[in-house]
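Worksheet: one structure, shown below.
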Amino acid sequence: MEKLSITAIILAGGKSTRMNGDDKGLLLLNQKPLYQHVIDRIKHQTNSIMINCNNNVSQYQTAGYPVFSDVLKGYFGPLSGVYSGLLCSKTDWNLFVSCDTPFLPNNLIARLATHTSTHKAIYPFDGKYHHPTILLIHKSVIPQLRIYLEQGNRKLMLFLEKISAKSVYFDNQASCFININTPEELKQANQMIK
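Everything in the sequence shown is counted per the working numbering, starting at 23 for the first residue and increasing by one.
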């Protein structure tokens, strides 16, 4: 199989309401910002990385990767970051990963990419949970996504169902998809990596 050109885009544009409004991507895990852990997990899987954020742009720029904000004004959830990323990216295929998933598997892109000939969107399933904010998606969905957002829809999973996205089972890798949403979960993650 020919290796695809894929841009990895870190989604760091959320409100972080369960983190008391603190920018999740910038919270420290083992003395390093969460988004940096995500970069460390995906940088060897792709040769192009971008960061989507709506606040603290200068702090994200210190990583040395292109940074962009949502093109839609107002907060529309992760789909707004996906839409904006698809518009900004130069590659047809793009891997979106949330900034709060610091333990992503080293074979993430390779596993998801095995389904690119039959599906326009692919995301992991760990046997218990679907992880739609970790998403390999093709630019050809932009028109459908624009209409979906213009109609006031915000649910990522519902959009993925509409475009017949494929879930890929990652056997015995549930811990790779842990996402950190609360101060307590951040504390637990810090204990995990000590």
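For each residue, glycine too, the CB sits at the ideal point set by N, CA and C. In this text, all values refer to a predicted model and were calculated from it rather than measured experimentally.
First and last residue of the uninterrupted alpha helix (DSSP H) at residue i
{"i": "residue 169", "result": "164 to 172"}
{"i": "residue 205", "result": "205 to 214"}
{"i": "residue 109", "result": "100 to 110"}
{"i": "residue 60", "result": "56 to 64"}
Member of the options whose CA lies at the smallest distance from the CA of residue i
{"i": "residue 22", "options": "171, 206 and 27", "result": "Only positions 23 to 216 of the chain appear in this structure, which leaves residue 22 out of reach."}
{"i": "residue 48", "options": "70, 66, 195 and 75", "result": "75"}
{"i": "residue 125", "options": "66, 204, 203 and 195", "result": "195"}
{"i": "residue 197", "options": "150, 164 and 80", "result": "150"}
{"i": "residue 84", "options": "109, 54 and 111", "result": "54"}
{"i": "residue 26", "options": "148, 79, 59 and 139", "result": "139"}
{"i": "residue 135", "options": "118, 212 and 122", "result": "118"}
{"i": "residue 50", "options": "163, 147 and 123", "result": "123"}
{"i": "residue 90", "options": "73, 184, 164 and 62", "result": "73"}
Residue j beta carbon less than 9 Å from that of residue i
{"i": "residue 161", "j": "residue 116", "result": "yes"}
{"i": "residue 157", "j": "residue 182", "result": "yes"}
{"i": "residue 29", "j": "residue 86", "result": "no"}
{"i": "residue 46", "j": "residue 202", "result": "yes"}
C-beta neighbour in chain B for residue i, strict 9 Å
{"i": "residue 67", "result": "Although the question refers to chain B, the structure presented lacks it and comprises just one protein chain."}
First through last residue of the beta strand (DSSP E) which encompasses residue i
{"i": "residue 80", "result": "Run containing residue 80: none in the beta strand (DSSP E); it sits in the alpha helix (DSSP H), 79 to 83."}
Next item on the list: Pair every Cβ in the segment 93 to 106 with every Cβ in the segment 190 to 200, then say whether three or more of these pairs are closer than 8 Å.
Entry: no
Next item on the list: Please determine if the segment 65 to 74 and the segment 138 to 145 are in contact, where contact requires at least 3 C-beta pairs separated by less than 8 Å.
Entry: They do not touch, by the three-pair rule.
Item checked: Complete runs of the alpha helix (DSSP H) confined to the segment 123 to 188 [at least 4 residues] -> If only complete runs of 4 or more residues are kept, the segment 123 to 188 shows the alpha helix (DSSP H) at 130 to 135, 164 to 172 and 178 to 184, in order along the chain.
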